[in-house]
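The structure under discussion appears below in the form of structure tokens.
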Amino acid sequence: MPLPDHFYRQMLDHLAEGVYFVDRNRRILYWNRAAEQLTGYRADDIVEKCCAASGLDHIDCDLTPLCEGNCPLNRAMQGGKGISERVFLRHRDGHRLPVDVRTRPVYDDKGEIIGAIEIFSDASDRVRVENLNRQLQKQVRIDLLTGVPNRRAFLELAKAEFDRYQRYGEAFSVIFTDIDFFKQVNDRHGHRIGDRTLRWFADTLRTELRKVDTISRFGGEEFLILLPTTGAEEAVRTAEKLRRQLASDLCPTTGEPLSASFGVASVVAEDSTESLIERADRALYRSKQAGRNRVTYFGPGDVEEITGANASVRSGSSLPKADRER
1 MPLPDHFYRQ
11 MLDHLAEGVY
21 FVDRNRRILY
31 WNRAAEQLTG
41 YRADDIVEKC
51 CAASGLDHID
61 CDLTPLCEGN
71 CPLNRAMQGG
81 KGISERVFLR
91 HRDGHRLPVD
101 VRTRPVYDDK
111 GEIIGAIEIF
121 SDASDRVRVE
131 NLNRQLQKQV
141 RIDLLTGVPN
151 RRAFLELAKA
161 EFDRYQRYGE
171 AFSVIFTDID
181 FFKQVNDRHG
191 HRIGDRTLRW
201 FADTLRTELR
211 KVDTISRFGG
221 EEFLILLPTT
231 GAEEAVRTAE
241 KLRRQLASDL
251 CPTTGEPLSA
261 SFGVASVVAE
271 DSTESLIERA
281 DRALYRSKQA
291 GRNRVTYFGP
301 GDVEEITGAN
311 ASVRSGSSLP
321 KADRER
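1 is the number of the first residue of the sequence shown in my numbering; add one for each residue after it.
Dropping the structure here:
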């Protein structure tokens, strides 16, 4: 026995999701109770109107209007297949409501498309969770003290640069740096001033770098800088510019002179991400060992001091990894 039409209407009216039907001209033929509750528009306000003139004013996540040219209902009817996506509709009170929509073409007994159905649900909670997850993902990649990327973020970016180097041969370099005698800053002024000094240090470096460069806090007072599309000579010039900038004035957090040491390495064919960072680390160690406040470049098989006191350091690959006096 065929079921009466009111049975289907009652069934649709008991759904938690909004449901409506349109004909080939996108004239709304049915609007269920959940659609009323979600949008603020009663069926009497909507039925018999073209959806483009209904006031819902759908837009996509890029704020592009959909009703005139890219309507999901229209695409479902033209393409003959279902569409699922997130859009924003305008609630009757004026605010934008994120909704997840599923549109499907509707066929008659002859298999001809005669309209479409849209089922939509409030995505506000999902949007909040997604935004929170994005914030958390950002936080786990940001050093909370200085606001620059952390070790994890740097390694991910360095790996991406290394992959680009292997695929296209685009050179890149890294700079390892830390504040000279930073332990004395903490001992004399306390950790609060020490933290402020680290923030100032990171901000100073960041303002001197290009937008494409990345400075990260690698741990303690150690920072790593990633320089995309940068060869050895330019990387050394960048490090020297940073060194001079830091040494040119008193540190505002302590009122005292402050310097930093730098180690530079540029990618070569034999490298891995780890070996490149290791060479920059060894170059930094040699800068510390040679008197601090200087830049040292570590090539594939040697260390060369670029600026600072007169010293000639070779065979750097045999240098031990030792604790540095801060």
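Here a beta-carbon is modelled for each residue, glycine too, at the ideal position from N, C-alpha and C.
Between the CA atoms of residue j and residue i - distance to the nearest angstrom
| i | j | result |
| --- | --- | --- |
| G55 | L29 | 16 Å |
| R134 | R217 | 21 Å |
| I367 | H58 | Given a span of 1 to 326 for the chain in the structure shown, any question on residue 367 remains unanswerable. |
| V313 | C251 | Residue placement at V313 is poorly supported in this model, since its pLDDT is 32, which falls under 50; the coordinates are not used for a value here. |
| Q139 | F201 | 20 Å |
| G147 | F223 | 12 Å |
| Y8 | L38 | 20 Å |
| N293 | R243 | 7 Å |
| L63 | T273 | 40 Å |
| N150 | D213 | 14 Å |
| A171 | N186 | 38 Å |
| L226 | G220 | 18 Å |
| C50 | A158 | 53 Å |
| E208 | R126 | 40 Å |
| L258 | L136 | 34 Å |
| L371 | G40 | In the structure as shown, the chain begins at 1 and stops at 326. Residue 371 is therefore absent and cannot be evaluated. |
Short CB-CB distance (under 9 Å) between residue i and chain D
| i | result |
| --- | --- |
| V129 | Among the chains in the structure shown there is no chain D, since it carries only a single protein chain. |
With 16 other Cβ atoms within 10 Å as the buried cut-off, status of residue i
| i | result |
| --- | --- |
| E161 | buried |
| G194 | buried |
| D93 | exposed |
| Y20 | buried |
| C71 | buried |
| V99 | buried |
| S287 | buried |
| S248 | exposed |
| Y168 | exposed |
| D163 | exposed |
| A309 | Only weak support exists for where A309 lies, its pLDDT of 37 falling under 50; the value from the coordinates is given anyway. Answer is exposed; the Cβ neighbour count stays below 16. |
For residue i, the nearest candidate out of the options (CA to CA)
| i | options | result |
| --- | --- | --- |
| C61 | A52, G80, R86 and R188 | R86 |
| D178 | R26, L276, R126 and T197 | T197 |
| A283 | N186, E112 and V174 | V174 |
| A260 | E118, V101, A290 and A43 | A290 |
| Y107 | R33, V267 and Q78 | Q78 |
| R75 | F88, R294 and I113 | I113 |
| A235 | R128, G263 and T254 | G263 |
| R24 | G80, M11 and A34 | G80 |
| A35 | R27, H14, A265 and N131 | H14 |
Next item on the list: Can you check the region 101-148 for any alpha helix (DSSP H) of at least 4 residues that lies completely inside it and give the ranges in chain order?
Entry: 124-139
Margin query: Please give the ranges of any alpha helix (DSSP H) in the region 146-188, keeping only runs that are unbroken, at least 4 residues long and fully inside the region.
Written below: 151-168
Next item on the list: Jot down the residue ranges of each uninterrupted beta strand (DSSP E) in the region 236-310, minimum 3 residues, whole runs only, in chain order.
Entry: 260-266, 295-298 and 303-305
Checklist line | Stretch-stretch touch, CB-based, cutoff 8 Å, three pairs: the region 113-126 with the region 10-18 | finding: yes
Check: Fully enclosed by the region 51-106, which beta strand (DSSP E) runs are 3 residues long or longer?
Finding: 83-90
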